[in-house]
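Position one of the sequence shown corresponds to residue 1 (UniProt numbering), numbered consecutively onward.
Here a beta-carbon is modelled for each residue, glycine too, at the ideal position from N, C-alpha and C.
Below is one structure, written out as structure tokens, with a few remarks after it.
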Amino acid sequence: MSTRLEAGDGRGRQKKRDEQLRRKLENEIKKRPGAVGQTKQSQKKLTGSVLVLKPLPPTTMHCSTSVLDAAQYMTAHRADCVLVLDDNGGVSGIFTAKDLAIKVVGEGRDHRNLAIGDIMTSNPICTDINTTAIDALNLMVTRSFRHLPVIDEEGEIVGVLDITKCFYDAMNRLERAYDSSRKLHEALEGVKSELGSVQPAQITNYVQALKERTAGPTLAELVDAERPPVFVDVRTTVSEAAVVMKENHTTSVLVTDKSEEIVGIFTTKDIVLRVLANSIEPSKCSVIRVMTPRPDSAPTTMSIQEALRKMHDGHYLNLPVTNEQEGAVVGVVDVLRLVYATLEQINTMSSSDNNSDGPAWNKFWMSLEDDGTESVGSSILAGSRADTMLSDASATELAQFSMGEQPIDITRPATSSEIRPEDSLSRTGMREEPSQITSFSFKFKAPTGRVNRIVVNPQEGIAAFRQAIAAKLTPAELRDVGGLGAVVDDVVSGGFAVSYIDDDGDPVSIMSSHDVIDAVISASNNNLSRADVILHHVDEHPIVQQPIDWVPYAVGAAAAVAIAAFILGRK
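Structure follows, in structure tokens:
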């Protein structure tokens with residue numbers, strides 16, 4: 001069997017159809033006389049409590065709600081989990097999209113005459129708002145929960161924790177630590193040259209240790225030869241595919257054509273979104289109609305961290321893994337498996353710390369409570385009791401790291417007069433109120449390479465922004481990028497795509513008025529007088545120019561971390 005994956009643009013078209021269905025269902029649900037479900041906003045976060053993890057607004061339904069109504073509501077509101085209420089308003093159960101697919105379609109039950117109370121998991125474990133964030137997360141890890149309801153003192157639901165969301169929030173910090181380690185290692189030669197002397201062995205050893213410990217496992221370590229990928233034919237019905245998923249304890253199957261080439265992937269999420277919510281009879285629908293065509297894939301050499309980022313950015317939960325030499329699919333990994341594998345990696349990385357209390361991933365979870373305001377460097381030092389270490393370092397030892405005429409005093413915080421406009425610290429909190437920005441410049445290239453500049457009022461919204469861009473294009477250029485399209489409910493529908501580059505160097509689509517303002521704020525916070533945007537066809541990825549070599553500018557930062565490394569090496 002050939003299991004080679006090919007690229008295609010069918011995913012983009014399928015995504016558009018999914019969004020159209022969501023909007024249609026949302027409008028239909030609003031017109032119904034009775035409420036199918038309810039999504040409440042969470043309370044304000046409390047420092048130190050589970051609410052610092054920003055639980056998702058809870059979606060609730062009465063136990064008598066039909067499976068069909070539940071599937072449509074979940075699709076319209078992008079809900080993965082629903083809490084089931086009894087007649088007294090208490091939580092009596094919980095169910096997910098997987099339950100709808102496996103317990104209904106996979107067991108051949110009629111979704112039109114079935115209540116959610118018949119498929120829910122009864123009496124779910126909950127946590128209260130006074131529980132610490134660490135305790136709640138450790139409960140989810142040790143019990144392999146993806147969702148954990150949060151209740152207040154009166155037993156009222158205030159939110160639902162999703163471990164994948166919590167993990168991605170914390171992973172952003174982990175990625176910055178990985179990036180800092182890589183940059184430090186690559187800039188070390190520049191630091192040595194700038195300092196004019198060979199650094200102590202402690203620094204080199206420290207950097208090498210960082211590189212080795214943050215390399216991380218790859219997908220090859222998760223591919224199990226005893227659990228090969230599951231395949232179905234394009235003519236397989238949705239009902240039959242659901243049975244295959246249930247029998248193989250999986251949430252996805254790969255779809256092959258007559259020549260046994262992989263043409264798509266079909267998941268439990270697709271069953272809910274494209275079949276049940278769309279009122280399609282599972283036994284009369286083949287998977288080729290509702291699958292995701294030409295699925296994205298990853299080689300076995302890709303790190304788990306890279307795979308998680310790929311899945312997060314692509315908004316999918318299952319990822320086929322291919323053999324790099326032959327391109328054959330050797331397995332499929334899901335997001336939960338990657339999350340737990342990464343947590344195990346973190347546990348292994350910290351296992352040498354004999355003074356740590358509790359699971360090693362506690363330090364990882366604790367980064368969430370910093371609310372993104374603390375730098376990676378300060379987090380590392382704080383975790384190593386930096387104050388004690390710094391007090392033990394002599395002035396003579398620190399003097400060898402001085403790169404200027406004045407000695408470096410790292411035991412005294414800088415005052416406001418010492419922070420220059422170009423320093424990163426001076427940019428903290430510089431974000432201007434969006435309502436105060438009434439005129440801003442944007443620059444973009446037409447398909448023919450011509451550079452254009454427009455000046456717009458961000459407050460006028462996405463429609464005015466796109467009209468200004470279209471006015472700079474010739475009719476032929478406008479056709480090349482997909483036309484003007486339309487704006488429906490302040491969201492772009494069809495037409496050309498526009499993206500800006502965020503602070504991490506990633507392209508971000510400008511699809512709404514809020515995105516226009518975000519692009520302006522991002523440029524303003526980087527002291528730019530204009531925002532450079534990329535105009536491209538919606539089915540094409542924006543081409544991002546390579547950034548300027550950062551190494552010369554990283555010397556100072558690397559030297560600062562080298563100081564910490566030297567002090568750590570003395571211990």
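For the pair residue 332 and residue 259, the CB atoms are not nearer than the 8 Å cut-off.
Note on geometry: alpha-carbon atoms of residue 273 and residue 95 lie some 15 Å from one another. Of all alpha-carbon atoms in 104, 459, 91 and 106, the one lying nearest the alpha-carbon of residue 151 is that of 91.
Residue pairing of residue 147 in beta bridges, as defined by DSSP: 162.
Distance from the CA atom of residue 167 to the CA atom of residue 493, rounded to whole angstroms, is 32 Å. In the structure shown, the three-state DSSP call for residue 522 is helix. Spatial neighbours of residue 55 in its own chain (CB-CB distance under 6 Å, excluding positions within 5 residues in sequence) are listed in chain order as 42, 150, 159, 160 and 161. A direct Cα-to-Cα measurement between residue 267 and residue 73 gives close to 19 Å. Here the alpha carbon of residue 275 sits roughly 28 Å from the alpha carbon of residue 540.
Take the alpha-carbon of residue 525 and the one of residue 484: they are about 30 Å apart. By the Cβ-count criterion, residue 325 is exposed, with fewer than 16 other Cβ atoms from all chains shown falling within 10 Å of its own Cβ.
In the DSSP assignment, residue 252 forms a beta bridge with 267.
By the Cβ-count criterion, residue 25 is buried, with 16 or more other Cβ atoms from all chains shown falling within 10 Å of its own Cβ.
For residue 505, the secondary structure class from DSSP, reduced to helix, strand or coil, is coil. In the displayed model, residue 32 falls within coil according to three-state DSSP, outside both helix and strand.
When C-alpha distances from residue 335 are compared across 444, 305 and 328, the shortest belongs to 305. As computed with DSSP, residue 81 is found in a beta bridge with 96. In the same chain as residue 534, and ignoring 5 residues on each side of it, the C-beta atoms closer than 6 Å to its own belong to 499 and 542, in chain order.
Out of 103, 100, 70 and 63, the CA that lies nearest to the CA of residue 86 is found in 63. Beta-bridge analysis with DSSP links residue 536 to 497. If you draw a straight line from the Cα of residue 443 to the Cα of residue 20, it is about 31 Å long. Taking the Cα positions, residue 114 is about 6 Å away from residue 66. The count of Cβ pairs closer than 8 Å, one atom from the segment 99-106 and one from the segment 116-126, reaches three, so the stretches are in contact. Here the segment 224-242 lies against the segment 278-287, with 3 or more beta-carbon pairs under 8 Å apart.
Short of 7 Å from the beta carbon of residue 473, and not among the five residues preceding or following it, lie these beta carbons of its own chain, in chain order: 446. In this structure, residue 456 sits away from residue 470, with a CB-CB distance that is not shorter than 8 Å. Excluding five sequence positions before and after residue 338, the CB atoms of its chain that fall closer than 7 Å to its own CB belong to 304, 307 and 308, given in chain order.
One Cα belongs to residue 137, the other to residue 538, and the distance between them is close to 38 Å. Unbroken beta strand (DSSP E) runs of no fewer than 3 residues, entirely contained in the segment 266-341, are found at 318-322 and 329-334, following chain order.
In summary, residue 144 is exposed, with fewer than 16 beta-carbon neighbours lying within 10 Å of its beta-carbon over all protein chains present.
Distances from the CA of residue 98 to each of 487, 153, 460 and 318 were compared; the closest alpha carbon is that of 318. For residue 75, the enclosing alpha helix (DSSP H) begins and ends at 67-76.
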